[in-house]
Each structure stands twice: as C-alpha cells, then as structure tokens.
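Heads up, the thing below is written out as structure tokens.
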Amino acid sequence: MAKMMALQKPTAAAGAKLIEAEIPKCGPLDVLVSVKATSICGTDVHIYEWDAWAAGRIKPPLIFGHEMAGEVIEVGNTVKGFSVGDHVSAETHISCGACFQCRTGNSHICEQVKILGVDTQGVFAEYVALPASNAWKNDKSFPHDVATAQEPLGNAVHTVFDGDDANLAGQTVTMFGCGPIGTVACAVCKAAGANKVIAIDINDYKLSLAKKFGADVLINASTQDVVKEVLAQTNGKGADVFLEMSGAPSAFSQGLKSLRAGGRASILGIPSKPVEINLATEIVFKSAKIQGINGRLMYKTWYRAASLLSSGKVKLQELVTHKFPMSEFEKAFETMMSGKSGKIVMYPGK
Ligand SMILES: [Zn+2]
Ligand SMILES: [Zn+2]
0 MAKMMALQKP TAAAGAKLIE AEIPKCGPLD VLVSVKATSI CGTDVHIYEW
50 DAWAAGRIKP PLIFGHEMAG EVIEVGNTVK GFSVGDHVSA ETHISCGACF
100 QCRTGNSHIC EQVKILGVDT QGVFAEYVAL PASNAWKNDK SFPHDVATAQ
150 EPLGNAVHTV FDGDDANLAG QTVTMFGCGP IGTVACAVCK AAGANKVIAI
200 DINDYKLSLA KKFGADVLIN ASTQDVVKEV LAQTNGKGAD VFLEMSGAPS
250 AFSQGLKSLR AGGRASILGI PSKPVEINLA TEIVFKSAKI QGINGRLMYK
300 TWYRAASLLS SGKVKLQELV THKFPMSEFE KAFETMMSGK SGKIVMYPGK
C-alpha cells in the first residue's frame with residue numbers, strides 16, 4: 000500500500016504531528032486529488048491550539064485542514080463531470096443531499112453536514128479523496144497556491160451579498176475584522192460598487208492589508224472611538240451596511256451603533272461566548288436587518304467568486320503573505336498565531 004505524508008492531530012492536546020499515512024481510496028462518488036497547496040484557516044488554529052471548541056468537536060487522530068488546491072488523479076466510477084488532470088479546490092461543507100435543507104436549496108446548512116478536515120479526513124496531506132459533489136473545478140491558469148484561498152473568498156462573497164443579491168452600489172460599509180476573509184471582502188465590496196469601505200481592526204498589519212484590498216478608511220479599534228469615527232465618515236447618519244468578520248464581542252455593539260436606521264448587518268464572525276446587545280435601540284427601533292452567514296451557497300457563491308476572480312476585479316495573490324513546506328508546519332502556525340499574516344500556504348510532501 001502506497002504511503003503519503005500528512006499532518007495529523009494525534010491526541011487530544013495542543014500541537015500536531017507529521018505522519019506517514021495510507022493514501023485514501025477513491026470511492027465510487029469521489030475524486031482522488033493530489034494536493035498541491037493548502038492554506039491555514041482559523042478553524043485549523045483552533046484545532047492546533049486545542050481550545051474548548053476543538054476539544055468538544057474533534058476526535059483524534061485526525062488529518063485536518065480543509066483549504067486546498069490540487070489535481071485529480073483518479074475519478075470514482077459513478078462520477079460525472081470530472082476527469083483526471085482537472086485542477087480542483089474543495090467546498091468544505093459535505094451535505095447529505097436528503098434532508099429538508101438539502102432538498103430546499105440550502106445544502107450549506109444541511110442538518111447532517113460534515114466538515115472536511117473537522118469531521119472527515121482533511122487536506123493537510125499529499126492526497127485526499129473528496130466527494131465529487133464537493134469538488135470545484137479551477138481554471139488551469141490559476142496557480143494552486145492562490146486557488147487554495149478561494150474558500151475564504153467564498154465566505155466573503157456570501158457575507159457581502161447577504162447570501163442573495165444585495166445591492167452595494169453607492170453604499171458605505173463597515174468591515175469589522177480584517178483577517179483574510181474581511182480583507183478580501185473589502186475588494187468584493189469595491190467590485191460590487193460600494194462607495195466607501197471602512198475597515199476596523201485592532202491590528203495595524205491587518206489594517207494595512209485591508210487597505211491594499213481597497214478599504215478607503217482604516218480605524219484601529221484599540222486607539223480610536225469606532226462609533227464616533229464611523230458617524231464622522233457618514234455625516235452622522237451611520238453606515239448602510241455592517242459586515243461582522245471578527246467575532247470580537249465589542250464589534251457587535253459598535254457595528255450596530257454605527258449602522259444607520261434601516262441598515263443591514265450580516266454576521267459571519269463567531270464570538271466564543273454569548274454577546275450582550277441592546278435589542279431595543281440597536282435592532283428594533285433602528286429597524287435593522289440582521290442575517291447570520293454560514294459557509295457558502297452551494298454553488299451560487301462559488302460561481303460568483305469565480306467570475307469576480309476572472310474579471311480581475313478581485314485578486315487573491317496579495318492575500319497569500321507566507322508560504323511554507325508542510326514539514327515546517329510549526330513555523331507556519333506560529334506565524335499565523337502572531338497576527339502578522341494574511342493567508343499562509345503550506346505545501347504537502349515537502
Ligand atoms: Zn477555511
Ligand atoms: Zn442535508
């Protein structure tokens with residue numbers, strides 16, 4: 000049996016381990032992918048650090064990771080639409096196809112959803128067997144180490160358009176949190192015609208990255224009064240749209256306080272604890288529209304993201320700030336946890 004190198008969470012404790020694992024078998028519904036590039040997501044950091052969420056969800060040993068780009072080397076015998084040699088990335092929500100949500104066009108919130116690299120063997124490996132229904136074909140001109148960042152771009156696209164066809168033309172947007180998703184979301188807002196994107200973070204490195212992606216105004220929430228600054232930028236009216244990408248408890252009340260009456264709030268950030276907000280003044284009297292955002296629409300979001308990329312209106316190249324061979328995974332995770340990075344790419348088998 001041929002072996003491969005993979006990055007595994009071996010036990011219920013912090014850290015990870017490079018192992019030799021068996022190459023997964025390509026099932027009848029799968030494509031077997033030779034993984035060329037992977038990228039580290041916030042979820043992977045939770046797993047690496049072994050926080051309370053990871054301890055409650057992950058069952059070691061597990062090969063983790065879910066963001067990737069690679070090449071199809073085998074196609075399951077019932078699979079249609081994929082061929083050996085296709086370049087692919089992965090949608091990470093593996094849906095059941097049979098539940099109420101799946102059958103009503105909402106498979107991204109499938110009742111039986113499994114997450115790649117969380118509930119199933121992940122992509123931090125030289126090979127992964129991926130359900131073909133979760134494979135997304137990439138244009139071959141698109142470098143693997145950029146294509147791997149499409150999954151967070153999908154989160155950004157889903158949030159910016161509110162999962163639907165929200166019109167951003169001429170609007171002012173607050174972007175709370177400038178990790179890779181918030182950063183690339185700035186470019187998506189500009190491509191969609193937003194007039195002014197106000198990026199908010201406590202980290203100057205991340206704010207400078209957001210500026211490269213089109214943010215018009217930068218606010219450092221650790222030194223500036225966010226609500227006052229946003230109101231000053233909007234003639235006292237407040238922002239038309241509030242996009243929450245940080246999960247920071249303070250961001251929810253600041254975002255709602257600086258939102259105009261009748262404005263829209265779309266929330267992707269995940270706070271680790273319940274958050275207190277004044278429902279009466281921040282939502283009810285304000286007539287605010289609020290939507291939670293989970294994953295990406297399958298596959299409306301992917302088509303939209305792909306056309307934003309091929310139009311050149313959104314570029315992912317500068318989002319990837321660091322590249323490491325997977326053998327240097329410790330350095331890669333430390334860099335990610337330092338807060339001074341955009342997307343970090345790891346190359347398996349190196
Ligand atoms: Zn991710
Ligand atoms: Zn389902």
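For the sequence shown, numbering that gives the first Met the number 0 begins at 0 and goes up steadily by one.
All residues carry an ideal CB built from backbone N, CA and C; glycine is no exception.
Note that this is a predicted model, so its numbers are computed, not measured.
Query raised in the report: CB of Glu90 to nearest heavy atom of ligand 2: below 7 Å?
Result: When distances are taken from the beta-carbon of Glu90 to the heavy atoms of ligand 2, even the shortest one reaches 7 Å or more.
Query raised in the report: Do Leu152 and Leu315 come within 8 Å of each other at the CB atom, strictly closer than that value?
Result: Taking a C-beta distance under 8 Å as the contact criterion, Leu315 and Leu152 qualify as a contact pair.
Requested in this report: Could I get the ranges of all uninterrupted beta strand (DSSP E) runs contained in the region 308–339, with 3 residues as the minimum, in chain order?
Outcome: Complete beta strand (DSSP E) runs here, min 3: 319–324.
Requested in this report: Count the other CB atoms, across all protein chains shown, that sit within 10 Å of the CB of Asp200; report buried if there are 16 or more and exposed otherwise.
Outcome: It is buried - the Cβ of Asp200 has at least 16 other Cβ atoms within 10 Å.
Query raised in the report: Taking all protein chains shown into account, do 16 or more other C-beta atoms lie within 10 angstroms of the C-beta of Asp164, making it buried, or fewer, making it exposed?
Result: Classified as exposed, Asp164 has fewer than 16 neighbouring CB atoms from the shown chains inside 10 Å of its CB.
Query raised in the report: Less than 8 Å separating the beta-carbons of Val30 and Val122?
Result: 8 Å or more divides the Cβ of Val30 from the Cβ of Val122.
Query raised in the report: Quick one, what's near ligand 1 if you take every residue whose CB is closer than 6 Å to any heavy atom, in chain order?
Result: Those satisfying the condition are, in chain order, Cys40, Thr42, His65, Glu66, Glu150, Pro151.
Query raised in the report: Cβ of Val156 within 8 Å of Cβ of Arg56?
Result: Taking 8 Å as the Cβ cut-off, Val156 and Arg56 do not qualify as a contacting pair.
Requested in this report: Quick one: grab the DSSP three-state call for Ser265.
Outcome: Note: Ser265 maps to strand in three-state DSSP.
**Report entry** Residues passing the C-beta test against ligand 2 heavy atoms, cut-off 7 Å
**Finding:** After applying the 7 Å Cβ criterion, the set is Ser94, Cys95, Gly96, Ala97, Cys98, Gln100, Cys101, Ser106, Cys109, Glu110, Gln111, Val112.
Query raised in the report: Curious, which full-length alpha helix (DSSP H) runs of at least 4 residues does the region 59–119 contain?
Result: With a minimum length of 4 residues, the unbroken runs of alpha helix (DSSP H) contained wholly in the region 59–119 fall at 99–102.
Report task. Report yes if the CB atom of Glu66 is closer than 8 Å to the CB atom of Ser38, and no otherwise. Result -> Result yes, Cβ atoms of Glu66 and Ser38 sit closer than 8 Å.
Query - Bounding residues of the beta strand (DSSP E) (the contiguous stretch that carries Trp135) - result: Note, Trp135: beta strand (DSSP E), 134–137.
Report task. Would you list, in sequence order, the uninterrupted alpha helix (DSSP H) runs of no fewer than 4 residues that lie entirely inside the region 138–194? Result -> Taken in chain order, the complete alpha helix (DSSP H) segments of 4 or more residues contained in the region 138–194 are 143–146, 149–159, 179–190.
Query - Beta-carbon proximity of Thr182 to Ala209, cut-off 8 Å - result: Yes. Within cutoff.
Query - Ile197 versus Thr222, Val226, Tyr204, Pro179, residue with shortest Cα-Cα distance - result: Minimum Cα-Cα distance from Ile197 among the listed residues Thr222, Val226, Tyr204, Pro179 corresponds to Val226.
Report task. Out of Val112, Phe99, Gly14, Asn133, state which residue places its alpha-carbon closest to the alpha-carbon of Cys32. Result -> Just to set this straight, residue 32 is Val in the shown sequence, not Cys. Nearest option by C-alpha distance: Asn133.
Query - Environment of Ser340 [buried if 16+ CB atoms lie within 10 Å] - result: So Ser340 counts as buried.
Query raised in the report: Mind checking whether Ile350 and Leu307 have CB atoms under 8 Å apart?
Result: Because the chain here runs from 0 to 349, residue 350 falls outside it and cannot be looked at.
**Report entry** His45 versus Gly348, Met335, Thr119, Lys349, residue with shortest Cα-Cα distance
**Finding:** Of the residues Gly348, Met335, Thr119, Lys349, the one whose Cα lies closest to the Cα of His45 is Met335.
Query - Leu6 versus Gly64: straight-line alpha-carbon distance, rounded - result: If you take the alpha carbons of Leu6 and Gly64, they lie about 8 Å apart.
Query raised in the report: Which same chain residues, not among the five before or five after Gly261, have their C-beta less than 7 Å away from its C-beta?
Result: If the five residues before and after Gly261 are omitted, its C-beta is found closer than 7 Å to the C-beta atoms of Ser286, all from its own chain and listed in chain order.
**Report entry** Inter-residue Cα distance where the pair is Lys189 and Glu21
**Finding:** Cα to Cα, Lys189 sits roughly 45 Å from Glu21.
**Report entry** Classification of Ser337 by the beta-carbon crowding that lies within 10 angstroms, buried from 16 upward
**Finding:** Its Cβ having fewer than 16 others within 10 Å, Ser337 is exposed.
Query raised in the report: Could you give the residue range of the beta strand (DSSP E) that holds Ile343?
Result: First-last of the beta strand (DSSP E) with Ile343: 342–346.
**Report entry** Three-state class that DSSP yields for Lys8 in the structure shown
**Finding:** Note: Lys8 maps to strand in three-state DSSP.
Query raised in the report: Along the chain, where does the alpha helix (DSSP H) that runs through Asp203 open and close?
Result: Asp203 -> alpha helix (DSSP H) spans 203–211.
Report task. Please name the residue, chosen from Ile180, Val78, Gln223, that lies closest to Val130 on a Cα-to-Cα basis. Result -> The residue you asked about is not Val; residue 130 is Pro in the sequence shown. It is Val78.
Requested in this report: Output the boundary residues of the alpha helix (DSSP H) element that contains Val44.
Outcome: Unbroken alpha helix (DSSP H) run through Val44: 41–48.
Query raised in the report: How would you call Lys35, buried or exposed, if buried means at least 16 neighbouring beta carbons within 10 angstroms?
Result: So Lys35 counts as buried.
Query - Start-to-end residues for the alpha helix (DSSP H) that takes in Ala1 - result: Counting along the chain, Ala1 falls outside any alpha helix (DSSP H), and DSSP gives it neither H nor E.
Query raised in the report: Between Pro347 and the rest of its own chain, which residues show a CB-CB distance below 7 Å, the 5 nearest in sequence each way excluded?
Result: Result list for Pro347: Met4, Val34, Thr37, Phe123, Ala124, Glu125, Met325, in chain order.
Requested in this report: State the beta-bridge partners of Val127 as determined by DSSP.
Outcome: Val32.
Query raised in the report: Can Ile269 be considered in contact with ligand 3, in the sense that its beta carbon sits closer than 7 Å to one or more heavy atoms?
Result: Absence of ligand 3 is noted for the structure shown, with ligand 1 and ligand 2 being the only ligands found.
Query raised in the report: What first and last residue would you give for the beta strand (DSSP E) that runs through Gly291?
Result: Start and end: 288–291.
Report task. Out of Leu61, Ser106, Ile266, Cys98, point me to the one whose CA is closest to Lys299's CA. Result -> Minimum Cα-Cα distance from Lys299 among the listed residues Leu61, Ser106, Ile266, Cys98 corresponds to Ser106.
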